[in-house]
Amino acid sequence: MRPEDEAGLPAEIFDDRAALSIDELSRLCAVDRTYIVELVEEGVLSVMQVDTAEWRFSGAALRRARTAARLQRDLEINLPGVALALELMEELDRLRGELGMRRR
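Each residue of the sequence shown is one higher than the last, beginning at 8 in our numbering.
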């Protein structure tokens, strides 16, 4: 996705329980379907439901896929690096949440 394309993307809010197809996920992230497959193979995304016809992804997968695409595009990080960066970012968020709870 090019920076000038970002302004034209519609904002959509998804519940983490939403079930998105691979085509919906790739469209919402403005990436090719093959990129989503690569994210699954690298362990960046988990398939919520394996149908005989098609994979399903949660709303949380949308957030992870968009972040992964931004990391690759903006920082030129390879897929294993993206997987590690996402894990570290999520761990940092979890620790910040714990710290916030203890301060109350």
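Virtual Cβ for every residue (Gly too), placed ideally from N, Cα, C.
(Q) Quick check on DSSP: helix, strand or coil for R131? (A) The shown model of the chain, from 8 to 111, leaves out residue 131, and the question about it has no answer.
(Q) If I measure Cβ to Cβ from I29 and keep anything under 8 Å in the same chain, skipping five residues before and after, which residues do I get? (A) R40, I43, V44, E61, W62, F64
Q | Rounded distance between the beta-carbons of A76 and I84, thought under 8 Å | A | Contact flag wrong, Cβ pair sits at about 11 Å.
(Q) Taking the alpha helix (DSSP H) that Q69 belongs to, which residues open and close that run? (A) Per the sequence shown, the amino acid found at residue 69 is Leu instead of Gln. Element bounds for L69: 66 to 82.
Q. Can you list, in chain order, the residues of its chain whose CB lies under 8 Å from that of A68, leaving out five sequence neighbours each side?
A. L27, L32, L52, S53, M55
Q: Check each candidate in L78, D100, A37, R101 and name the one with the smallest Cα separation from A90.
A: L78
Q. CB R72 to CB L46, shorter than 8 Å?
A. It is Ala, not Arg, that sits at residue 72 in the sequence shown. For A72 and L46, yes; Cβs fall inside 8 Å.
Q.
Whole angstroms are fine: how far does the CA of C36 sit from the CA of R80?
A. 12 Å
**Q.** Pair within 8 Å by beta-carbon distance, L5 and E49
**A.** Residue 5 lies beyond the range of the chain shown here (8 to 111); nothing can be said about it.
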